[in-house]
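Written out below as structure tokens is the structure these notes cover.
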Amino acid sequence: MGSWSRAAATAVLCVAAGTAVALHAQTPSASSAVGSDEHSKHVMPRAVPVAVTTAAPLPRTGWTVAADTATSGFEAAKALDDNTATAWKSTDTAMPHTITIDTKNRVALSGLTYLPATGTNGRIGQYRVQVSDNGTTWSANIATGTFADTATAKTVTINTVITRYVRLTAVTEAGNRVKWATAAEINLLGGTDPALPRTGWTVAADSQETAGEDAKAANAIDGNTGTIWHTQWQGGEPALPHTFTIDMHSVNLVSGLSYLTRQDGSLNGDIGQYRIETSMDGTAWSPRVTTGAFTDVATAQTTTFGSELARYVRLTALTEAGRRGPWTSAAEINLLGRPDPRLTRTGWTATADSQETVGEDGRAANALDGDPDTLWHTVWSDANAPGLPHTYTIDMKSNQLVGGLSYLPRQDSSLNGLIGQYRIQTSTDNATWTDRVTAQSFATTSTAMQTVVFPSTTARYLRITVTSSSSGPWSTAAEFYVLGPSGSVVAGRGTWSAPVGFPLIPVAAAVLPNGKVLTWSASWNDDYVGGTGRTLTATYDPATGVVTQREVTETGHDMFCPGISVLPDGRIMVTGGNDAAVTSIYNPGTDAWTNGPDMTTPRGYQSSVTLGDGRVFTIGGSWSGGTGGYNANRKNGEVWSATAGWTSLPGADVVPMLTADPSGNGDYRKDNHAWLIAWSGNKVLQAGPSKQMNWYTISGQGSVAGAGTRGDDGDAMNGNAVMYDTGKILTVGGAPSYDDSNATANAYVLTINGTTVTTKKVGSMANTRAFQNSVVLPDGKVLVVGGENFAVPFSDNTAVMNAELWDPATETFTTMATQAVPRTYHSIALLLPDARVLSAGGGLCGATCDTNHFDGQIFTPPYLLTAEGTAATRPTITTAPTTAANGATINVKTGSAVTAFSIVRMGTATHSVDTDQRRLSLVPTAANGGYNLTIPADKGIAVPGYWMLFALDAKGVPSVAKIIKIG
Numbered sequence: 003m004g005s006w007s008r009a010a011a012t013a014v015l016c017v018a019a020g021t022a023v024a025l026h027a028q029t030p031s032a033s034s035a036v037g038s039d040e041h042s043k044h045v046m047p048r049a050v051p052v053a054v055t056t057a058a059p060l061p062r063t064g065w066t067v068a069a070d071t072a073t074s075g076f077e078a079a080k081a082l083d084d085n086t087a088t089a090w091k092s093t094d095t096a097m098p099h100t101i102t103i104d105t106k107n108r109v110a111l112s113g114l115t116y117l118p119a120t121g122t123n124g125r126i127g128q129y130r131v132q133v134s135d136n137g138t139t140w141s142a143n144i145a146t147g148t149f150a151d152t153a154t155a156k157t158v159t160i161n162t163v164i165t166r167y168v169r170l171t172a173v174t175e176a177g178n179r180v181k182w183a184t185a186a187e188i189n190l191l192g193g194t195d196p197a198l199p200r201t202g203w204t205v206a207a208d209s210q211e212t213a214g215e216d217a218k219a220a221n222a223i224d225g226n227t228g229t230i231w232h233t234q235w236q237g238g239e240p241a242l243p244h245t246f247t248i249d250m251h252s253v254n255l256v257s258g259l260s261y262l263t264r265q266d267g268s269l270n271g272d273i274g275q276y277r278i279e280t281s282m283d284g285t286a287w288s289p290r291v292t293t294g295a296f297t298d299v300a301t302a303q304t305t306t307f308g309s310e311l312a313r314y315v316r317l318t319a320l321t322e323a324g325r326r327g328p329w330t331s332a333a334e335i336n337l338l339g340r341p342d343p344r345l346t347r348t349g350w351t352a353t354a355d356s357q358e359t360v361g362e363d364g365r366a367a368n369a370l371d372g373d374p375d376t377l378w379h380t381v382w383s384d385a386n387a388p389g390l391p392h393t394y395t396i397d398m399k400s401n402q403l404v405g406g407l408s409y410l411p412r413q414d415s416s417l418n419g420l421i422g423q424y425r426i427q428t429s430t431d432n433a434t435w436t437d438r439v440t441a442q443s444f445a446t447t448s449t450a451m452q453t454v455v456f457p458s459t460t461a462r463y464l465r466i467t468v469t470s471s472s473s474g475p476w477s478t479a480a481e482f483y484v485l486g487p488s489g490s491v492v493a494g495r496g497t498w499s500a501p502v503g504f505p506l507i508p509v510a511a512a513v514l515p516n517g518k519v520l521t522w523s524a525s526w527n528d529d530y531v532g533g534t535g536r537t538l539t540a541t542y543d544p545a546t547g548v549v550t551q552r553e554v555t556e557t558g559h560d561m562f563c564p565g566i567s568v569l570p571d572g573r574i575m576v577t578g579g580n581d582a583a584v585t586s587i588y589n590p591g592t593d594a595w596t597n598g599p600d601m602t603t604p605r606g607y608q609s610s611v612t613l614g615d616g617r618v619f620t621i622g623g624s625w626s627g628g629t630g631g632y633n634a635n636r637k638n639g640e641v642w643s644a645t646a647g648w649t650s651l652p653g654a655d656v657v658p659m660l661t662a663d664p665s666g667n668g669d670y671r672k673d674n675h676a677w678l679i680a681w682s683g684n685k686v687l688q689a690g691p692s693k694q695m696n697w698y699t700i701s702g703q704g705s706v707a708g709a710g711t712r713g714d715d716g717d718a719m720n721g722n723a724v725m726y727d728t729g730k731i732l733t734v735g736g737a738p739s740y741d742d743s744n745a746t747a748n749a750y751v752l753t754i755n756g757t758t759v760t761t762k763k764v765g766s767m768a769n770t771r772a773f774q775n776s777v778v779l780p781d782g783k784v785l786v787v788g789g790e791n792f793a794v795p796f797s798d799n800t801a802v803m804n805a806e807l808w809d810p811a812t813e814t815f816t817t818m819a820t821q822a823v824p825r826t827y828h829s830i831a832l833l834l835p836d837a838r839v840l841s842a843g844g845g846l847c848g849a850t851c852d853t854n855h856f857d858g859q860i861f862t863p864p865y866l867l868t869a870e871g872t873a874a875t876r877p878t879i880t881t882a883p884t885t886a887a888n889g890a891t892i893n894v895k896t897g898s899a900v901t902a903f904s905i906v907r908m909g910t911a912t913h914s915v916d917t918d919q920r921r922l923s924l925v926p927t928a929a930n931g932g933y934n935l936t937i938p939a940d941k942g943i944a945v946p947g948y949w950m951l952f953a954l955d956a957k958g959v960p961s962v963a964k965i966i967k968i969g
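In terms of this note's numbering, the sequence shown opens at residue 3 and continues consecutively.
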């Protein structure tokens, strides 16, 4: 990247215990710093309500630090001394250099912050992060990436892990100027478990109002902050306390609760003092009770507690926060935790130092049989029965990652032998034992399930030693469950990789024919305001993990909030944005940026789409370059060709596709982010976000004709439309207006037949979402990633952390694994040639904005995992052509038998829009020792350009793609 300067800014992490603050749009007059900027309308923050847990720096008391090398006067300890004027500096020896922190404890780690030393030399460029429980055996990289060559603090976010040691490795110096590395300060960030998906949950309350208003208990888990649960107030007012019981209908490891007060301005019913309990059966409640007090605030309040294996969670409101009355209310209640981590016990055996077989069947094996009515009981029928301590040893028959134990006490009427104090050890060989938990106690007055977790370790054997009990010299247990580690792989939900750091916020991106991903932000790496004439880019190579930075000045174009289209020859066309009339074209073959002709109408937030004949159509875009219908002409369509450049299409009227956004200033928010689908005959279906759909044509002066509506769907700004097969389009989510509106969970299938579009409403998403991204997969399923329940630019407050997978066979969504980082406004997601999905970015709101995300994660869909969570065996394409004409038949050979093929056009993404991706099924015919496939002849369907060709086996496992140029 070329040299450039900017005033140094200090990164501030704002943390308030148990609360979170959202960023919302504010009027330009709110700040003189941006008051004259036409974009300032959605720059400045104000507080709004939501549910989110913020990572906080961990206290560093007692920590030590070591480095591979250090220059005299610049020792490693200075990176932990809370003094930004001092620093660690390695010696001038070859990279890499490492700095290792010992927390002297096992902490929940969700990331770190790194502040370079004063001066440019020694700033860390490429980095990697590892963790260890013992300081000797280190994990695989839990984060990798490249820091920007700037003076500001950088944040690395990871999936929460439990660890003692953290190692940051400087692989390169940011500017390749010197061989040393520096750090003024390094902070570790603590973490909590994410919110659990609420799909299928039910609730019960001791009281709910249904006569005076719709305030039923279910409203508090509906994802809509505009509805509430309220206890009865008409015809009677039951006294406090009030209970709200959640049935998750499955077992989860629960570790916290988030409570959002009503959002209608009233404080009535805000919970004050509370109690939280968990249960496996809704009858016996855990003795580990969490108590505290919420307050009259409009933001979400979160309380965390020791992890408990549970199906039911009960929140009891003991008081009303303002002592105003006997009511209780809630807008939303979320539970924090992770899915059921219990390991399958098939084939396991157990031994004990003592078991009763004469007076009753009290064998050790009973505590592994899945029947809560049987039990292990030490000998009691013999007068000489051994006393405490007692040991119970589980043989899992193979080494496994383990991270906890759940204990179900005996379920009969006796309390004899309930386990009190205990110790847990693990072993790989039944000879050498390592303590995992020492001198802890279960409650001896409860028959509810009780759970203890510990840092994950590899073990075949687990032993619990009981040193005290409820009464007598005995020990008993109905069931023991061994838990997998935190973050255990759940094959059916896919997995997320460790975060990959970027030197900028990836607000826009394109997959290149070489498999790399080109990303960019704006003139700045963390902000879009106040810059023109250049763009910062970063190209990510998924194969190596390397991110390459670049500053693009050749085209004089700040490419923030543009239209993006992939041309038939593979070049990437980027139009408008901050420099609203400019066209830039990137050639992946030569790695060169060049200018195209300026558009006839300046635009920002427009969409563009490549047509079958290679031309590009664009429409809308009043965010920049003047506001249509206000201080500029309305932004009707125009078309680009390689020979004529841009030509206006006055007949391609933008008015039919405007939304009813309530914001003033003409079309500023109404003509944004059109869902454009190229089709036969150089027609374009505008499938949204307006509720009215339209057909646009580009012949002559252009034209527009209505295409109907998406059933009962309204305007769906910042939703998505994805062609998952020929003429089949899934639309999901969005919100009625750009700002300050509740998103929907709506989903529809559009079917194109000629110029007729039919609409079918299908099963809704589990979560309401706006600002999400949707990606079609090789098997035709669609992955929906990120977004938020309440549409607010630059806010993570109602971020949806779980992905969802839509299946065209069932027309339903399944909740997938949880990301480590929110992906909301200004995030991207794209299919990679290896059939995984990159999700990245979010934010771009300035140096002190806490929703900036300089990273990405890669999602491995369930089709790439076995039932055990290991990598599935994949088919391979051994030979395939690199080019094919429309209508051509090609022969493809594979390494093993396959049953299906598909092609997916390489995607681009920005602002939840990807008009390039589309998937087509190809029917194989056995021929010549392989398979013949026919490329669709219609260029409006198989749009010329670079496509990914996938083979799928009988289990639906896809190959790594072969890249083929069609057209």
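Heads up, the beta-carbon is just placed ideally off N, CA and C, and yes, glycines get one too.
query                                                                                                                                                                  : result
Taking Cβ positions, are GLY735 and ARG771 nearer each other than 8 Å?                                                                                                 : yes
Quick one: what does DSSP say MET908 is sitting in, helix, strand or coil?                                                                                             : coil
Less than 6 Å between C-beta atoms, sequence neighbours within five positions excluded: which residues of the same chain meet that for THR204?                         : ASP249
Roughly how many angstroms lie between the CA atoms of SER610 and THR629, to the nearest whole one?                                                                    : 18 Å
For ILE101 and LEU924, I'd like the C-alpha separation in whole angstroms.                                                                                             : 52 Å
Between LEU833 and PHE903, is the Cβ-Cβ spacing less than 8 Å?                                                                                                         : no
State the DSSP-derived secondary structure class of SER970, mapped to helix, strand or coil.                                                                           : Beyond the ends of the chain as shown, which are 3 and 969, falls residue 970; an answer cannot be given.
What is the DSSP secondary structure of TYR865, counted as helix, strand or coil?                                                                                      : helix
Would you kindly work out how many angstroms separate the C-alpha atoms of ILE965 and ALA953, rounded to a whole number?                                               : 12 Å
Quick one, which of LEU345, SER626, MET561 and MET601 has its alpha-carbon nearest TRP595's?                                                                           : MET561
Contact between the stretch 782 to 794 and the stretch 809 to 819 is defined here as three or more beta-carbon pairs at a separation below 8 Å; is this criterion met? : yes
Let me make sure I understand the geometry here. Which of THR148, ASP104 and SER112 has the alpha-carbon closest to that of TRP140?                                    : ASP104
Nearest by alpha-carbon distance to VAL163: which of GLY237, THR330 and ALA500 is it?                                                                                  : ALA500
Measure the Cβ-Cβ separation of LEU846 and ASP581 and say whether it is below 8 Å.                                                                                     : no
State the DSSP-derived secondary structure class of PRO926, mapped to helix, strand or coil.                                                                           : coil
Excluding sequence positions up to five away, which residues of its chain have a Cβ less than 8 Å from the Cβ of GLY225?                                               : ARG200, GLU334, ALA747, ASN769, THR770 and ASN791
Taking a contact to mean a Cβ-Cβ separation below 8 Å, would you say ALA81 touches ILE223 in this structure?                                                           : no
For a test of the three-state rule: what should DSSP assign to GLY532, helix, strand or coil?                                                                          : coil
With a cut-off of 8 Å, do at least 3 Cβ pairs link the stretch 849 to 860 to the stretch 552 to 567?                                                                   : no
In chain order, what are the residue ranges of uninterrupted beta strand (DSSP E) at least 3 long that sit wholly in the stretch 428 to 501?                           : 436 to 443, 452 to 468 and 481 to 485
Which one of ARG825, GLY606, ARG617 and ALA545 has the shortest CA to CA distance from GLY623?                                                                         : GLY606
Compute the beta-carbon to beta-carbon distance between ARG921 and TYR750, rounded to the nearest angstrom, for a pair I have assumed lies under 8 Å.                  : Rounded, the Cβ-Cβ distance is 18 Å, inconsistent with contact.
May I ask you to report which of helix, strand or coil DSSP gives LEU345?                                                                                              : coil
With contact counted as at least three CB pairs below 8 Å, one residue from each stretch, are the stretch 123 to 141 and the stretch 212 to 222 in contact?            : no
Grab the span of the beta strand (DSSP E) containing ARG326 for me, first residue to last.                                                                             : No beta strand (DSSP E) contains ARG326, which DSSP labels as neither H nor E.
Can you say whether LYS637 is buried or exposed, counting buried as having 16 or more other CB atoms within 10 angstroms of its CB?                                    : buried
Count the other CB atoms within 10 Å of the CB of ASP437; is the residue buried (16 or more) or exposed (fewer)?                                                       : exposed
Contact between the stretch 473 to 489 and the stretch 369 to 376 is defined here as three or more beta-carbon pairs at a separation below 8 Å; is this criterion met? : yes
Which runs of the beta strand (DSSP E) at least 3 residues long sit entirely within the stretch 701 to 759? Give them in chain order.                                  : 705 to 711, 722 to 727, 730 to 734 and 749 to 755
Roughly how far, in whole angstroms, is the beta-carbon of GLN452 from the beta-carbon of TYR424, given that I think they are within contact range, below 8 Å?         : At roughly 10 Å, the Cβ-Cβ gap does not stay under 8 Å, so GLN452 and TYR424 are not in contact.
Quick check: the stretch 411 to 419 against the stretch 499 to 516, are at least 3 beta-carbon pairs closer than 8 Å?                                                  : no
Can you tell me the Cα-Cα spacing of ALA69 and GLN303, whole angstroms?                                                                                                : 39 Å
Using the rule of at least 16 other Cβ atoms within 10 Å of the residue's Cβ for burial, across every protein chain shown, is GLY721 buried or exposed?                : buried
From ALA352 to ALA206, what distance separates their C-alpha atoms?                                                                                                    : 39 Å
Tell me whether the beta-carbon of ALA323 lies closer than 8 Å to the beta-carbon of TYR261.                                                                           : no
Between which residues of its own chain and ALA96 is the CB-CB distance below 7 Å, once the five residues before and five after are set aside?                         : LYS181
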